[in-house]
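*Asks:* Supplied in structure tokens, the structure appears directly below.
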Amino acid sequence: MAYEVVLEDFQGPLDLLLHLIKEKEMDLETLEVSVITDQYLAYIDQMDAQQLETMSEYLVMAAQLIEMKSKMLLPAQKVELEDDYQEDPREQLIKRLIEYKKYKDVLDEFKEKYEQRQYIHTKAPAFMDEYVIDTTEMIPDNLEVYDLIRAMQKMFQRKALLAPLESKIARVEISIDERSDQIRQYFRIHKNQRVKLEDLFEEPTKIFFVITFLSVLVLVNKNELVIEQDGNFEDIYLKERV
Amino acid sequence: MDKNEILSVIEGMLFLSGDEGLTIKQISSVLKLSKKEATQYVDELIQIENDKTIKGFELVNFGGVYKFATLAKHHEYYQRMIEQSENTLSNAALETLAIIAYNQPVTRVRIEEIRGVGCDAMIRKLAAKALIKEVGREDTPGKPILYGVTDEFMDAFSLTSLDELPELKEMKEDFDQEDIFNTKYTEE
Amino acid sequence: MDKNEILSVIEGMLFLSGDEGLTIKQISSVLKLSKKEATQYVDELIQIENDKTIKGFELVNFGGVYKFATLAKHHEYYQRMIEQSENTLSNAALETLAIIAYNQPVTRVRIEEIRGVGCDAMIRKLAAKALIKEVGREDTPGKPILYGVTDEFMDAFSLTSLDELPELKEMKEDFDQEDIFNTKYTEE
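Protein chains in written order, with the numbering used here: chain G, 121 to 362; chain C, 1399 to 1586; chain V, 1399 to 1586.
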């Protein structure tokens, strides 16, 4: 159980250490290695042995802590002597924790900026391939792989943007027979009414336009519908032949 | 929501829909308005956009599809904008290149399917730059041309192998917790 | 061409360019203006777009790239028309990104040092998401790759410049000095 907790809650051994220090209400700078080490090991203990492979970083830190703890048990004199020449491992760890905490502290603000951005949207660039007249053989010399990746990411975003609209604009292949039936149904609802031709073209896809137009011609041809126009360039109306 | 807010949201929706545009039906369904109300708002918006002092684009109605479109009189600048980008590759060009690199050998139709737009001019342009080339014909009716990337492409992007491109899976995946666990600690 | 025309053309250009956006350099070269003039016009346009009564979108600047974007307050309506590809960044991803943003150019080893965990998979993933990229090689044995954040990063975090990143609280690292020990690790 605890293993899951550790992995989900912590981003690594430093994160876990910061958590323990906070939990013990310890000063980061006067870190009591022995206390923290015991706590840390208690956490590690609860981890699932099968997952230990993925826990290597936690184990390395555990080893360092144990080493530190044991060193601190040595006579103080010796520690002092070493101090003159090399950094106390404890201070080194504290330094790392302080540095790590610096980033940890801004993370919420960082995350908020990211989340805020999710609420504003941009549109895909206008389709301007038609303007492309350039046929030079020059290849730009400032290209990087990043450019390709970025273009792909933009495309994925664009696809996400268009997907719902596209699905609303039913892409189903509709036959003239089916569309004719829909139009008959439409006139059953609008009995004895004159209906503007354009009202039938409710889905703005080319295929839908074509199928609808052909269906109207078929229905007129079968004498089911009549086309009316009050004058040149006036609206075109359809109505059922009675 | 007051009228100005409704008009603002409609403006934003039309903006987002870009080249695709929106029908009255779509607008009314998002804003939960009747078609009649939606039509009135859109008509008013057309008027407002039309009366702007600074007008880079206007609201047009093509066969029941409303969309913003730039003005014909500014055409030369937009033309120039595209031309200016010739010493870099446009996003559309890069996108097409990436699709070819990931899917080669690939037909134009397949590329268009993925991009969702026609690519005829773009493919000619990329071929002229020798970034892509014909690598064969597909064994299907019509024997469509298959395209692939060239050595010049590899050179231009400093690639020694296409394996250096990130996996498509990685590009699409979300950073969900689950995945992080599987990848974070599995180091070399 | 009078000022309103120039502003109109800039508006149209920005509209066409969509999420790719435009830099001052691109705008100035299309309109044959100096960069300074172009900046003034763009600033003025930002003001004008900002003051509109009907405002479905506004002009933003992410990392020096200008683009139109809708307003956060209308988000719920747009959500109904676009598929919300719930973009979430895991804490691990955020942490890695933050370290790169504050330290760039930076090697993987340095990032791992700070985080205390391996970051190979995470770095590949962030690169595949176009949020970071290779920006060079460090001049040390092994010539390790240096990473930096991208335009996409600036956009993803709505940053005009890296100066807008939250300030890191500097703690003195000299432990021989007494006063260091006063700072307590407490929850904010």
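Glycine included, each C-beta is placed from N, C-alpha and C at the ideal position.
Taking the beta strand (DSSP E) that A162(G) belongs to, which residues open and close that run?
*Replies:* It is not in any beta strand (DSSP E) - A162(G) instead sits in the alpha helix (DSSP H) that spans V153 to D165.
*Asks:* Name the two residues that bound the continuous beta strand (DSSP E) containing Y239(G).
*Replies:* Where Y239(G) is concerned, there is no enclosing beta strand (DSSP E), given that its DSSP letter is neither H nor E.
*Asks:* Between T332(G), L217(G) and M181(G), which lies nearest to L151(G) when the distance is taken from Cα to Cα?
*Replies:* Nearest option by C-alpha distance: L217(G).
*Asks:* Taking the beta strand (DSSP E) that K1465(V) belongs to, which residues open and close that run?
*Replies:* Element bounds for K1465(V): V1463 to T1468.
*Asks:* So which residues of chain V does E229(G) contact, with C-beta pairs closer than 7 Å?
*Replies:* Going along chain V in sequence order, the residues near E229(G) (Cβ under 7 Å) are P1564.
*Asks:* Would you list, in chain order, the members of the region 1403 to 1416 of chain C that have their beta-carbon closer than 9 Å to a beta-carbon of chain G?
*Replies:* Those would be G1410, F1413, L1414, S1415 and G1416, in chain order.
*Asks:* Work out the CA separation of L213(G) and F276(G) for me, nearest whole Å.
*Replies:* So the two alpha carbons sit approximately 43 Å from each other.
*Asks:* When we look at the beta-carbon of F1588(C) and count the other beta-carbons within 10 Å, is it buried (16 or more) or exposed?
*Replies:* What the structure shows of chain C is the stretch from 1399 to 1586, and residue 1588(C) is not part of that stretch, so it cannot be assessed.
*Asks:* To the nearest angstrom, how far is it from the Cα of K1453(C) to the Cα of Y1545(C)?
*Replies:* Whole-angstrom Cα-Cα distance: 42 Å.
*Asks:* Determine the closest residue to R299(G) out of D228(G), L337(G), V180(G) and Q349(G), with distance taken between C-alpha atoms.
*Replies:* Minimum Cα distance to R299(G) is reached at L337(G).
*Asks:* In angstroms, rounded to a whole number, what distance separates the CA positions of Q1424(C) and L148(G)?
*Replies:* Rounded to the nearest angstrom, the two C-alpha atoms are 58 Å apart.
*Asks:* Does any CB atom of chain V fall closer than 8 Å to the CB of Y163(G)?
*Replies:* Cβ-Cβ to chain V under 8 Å: no for Y163(G).
*Asks:* Once the 5 residues before and after I1498(C) are set aside, which same chain residues still bring their CB inside 7 Å of it?
*Replies:* Hits under 7 Å: V1504, I1509, I1530, Y1545, G1546 and V1547.
*Asks:* What do you get for S1488(V), buried or exposed, if any count of 16 or more other CB atoms within 10 angstroms of its CB means buried?
*Replies:* S1488(V) comes out buried.
*Asks:* Ignore the nearest five residues each way along the sequence and tell me which others in L1443(C)'s own chain have a CB closer than 7 Å to its CB.
*Replies:* Here the set comprises L1405, I1408, E1409 and L1457.
*Asks:* Compare the Cα-Cα distances from M1479(V) to each of V1440(C), E1511(C), S1426(C) and P1564(C) and report the closest residue.
*Replies:* Nearest option by C-alpha distance: S1426(C).
*Asks:* Tell me the rounded alpha-carbon separation between D350(G) and R314(G).
*Replies:* Taking the straight line from one Cα to the other gives about 12 Å.
*Asks:* With a 10 Å radius around its C-beta and 16 neighbouring C-beta atoms as the bar for buried, classify A1519(V) as buried or exposed.
*Replies:* Answer is buried; the Cβ neighbour count reaches 16.
*Asks:* For a contact meaning CB atoms closer than 8 Å, what does G1546(C) contact in chain G?
*Replies:* Near G1546(C) there are no residues of chain G at all, since even the closest Cβ is about 15 Å away, more than 8 Å.
*Asks:* Run down chain V in chain order and give the residues with a C-beta less than 7 Å from the C-beta of V1428(C).
*Replies:* Going along chain V in sequence order, the residues near V1428(C) (Cβ under 7 Å) are Y1475, R1478 and M1479.
*Asks:* Going by the CB atoms, is the gap between E1493(C) and A271(G) shorter than 8 Å?
*Replies:* Cβ distance < 8 Å, so A271(G) and E1493(C) count as in contact.
*Asks:* Where does T1437(C) sit, in a helix, a strand or coil, going by DSSP?
*Replies:* It is helical.
*Asks:* Quick check: what's the CA-CA separation for A244(G) versus L1563(V)?
*Replies:* Answer to the nearest angstrom: the Cα atoms are 27 Å apart.
*Asks:* Starting from the beta carbon of F1466(C), find every residue of chain V whose beta carbon is closer than 7 Å, and list them in chain order.
*Replies:* Chain V residues near F1466(C): F1413.
*Asks:* On the CB-based measure, 16 or more other CB atoms within 10 Å of its CB, does Q1445(V) come out buried or exposed?
*Replies:* The residue is exposed, with fewer than 16 neighbouring Cβ atoms inside 10 Å.
*Asks:* Taking the alpha-carbon of Q1477(C) as reference, which of A246(G), Y266(G), V340(G) and E322(G) has the nearest alpha-carbon?
*Replies:* Nearest option by C-alpha distance: A246(G).
*Asks:* Could you work out which residue in E257(G), M146(G) and E235(G) is closest to R1522(C) when comparing CA atoms only?
*Replies:* Comparing Cα positions, the closest option is E257(G).
*Asks:* Taking a contact to mean a Cβ-Cβ separation below 8 Å, would you say L320(G) touches I303(G) in this structure?
*Replies:* For L320(G) and I303(G), yes; Cβs fall inside 8 Å.
*Asks:* Is it right to say A290(G) is buried, meaning 16 or more other beta carbons lie within 10 angstroms of its own, or is it exposed?
*Replies:* Here A290(G) scores only 42 on pLDDT, less than 50, and its place in the model is too uncertain to base an answer on.
*Asks:* Give me the Cα-Cα distance between P1542(V) and R1535(V), rounded to the nearest whole angstrom.
*Replies:* Cα to Cα, the separation comes out at about 6 Å.
*Asks:* Quick one: is V1440(C) near chain G, going by C-beta distance under 8 Å?
*Replies:* Output row for V1440(C): interface = no.
*Asks:* Taking the alpha-carbon positions, what's the L1524(V) to C1517(V) distance?
*Replies:* Roughly 10 Å separates the two Cα atoms.
*Asks:* When burial is assigned at 16 or more other CB atoms within 10 Å of the CB, is R278(G) buried or exposed?
*Replies:* Answer is buried; the Cβ neighbour count reaches 16.
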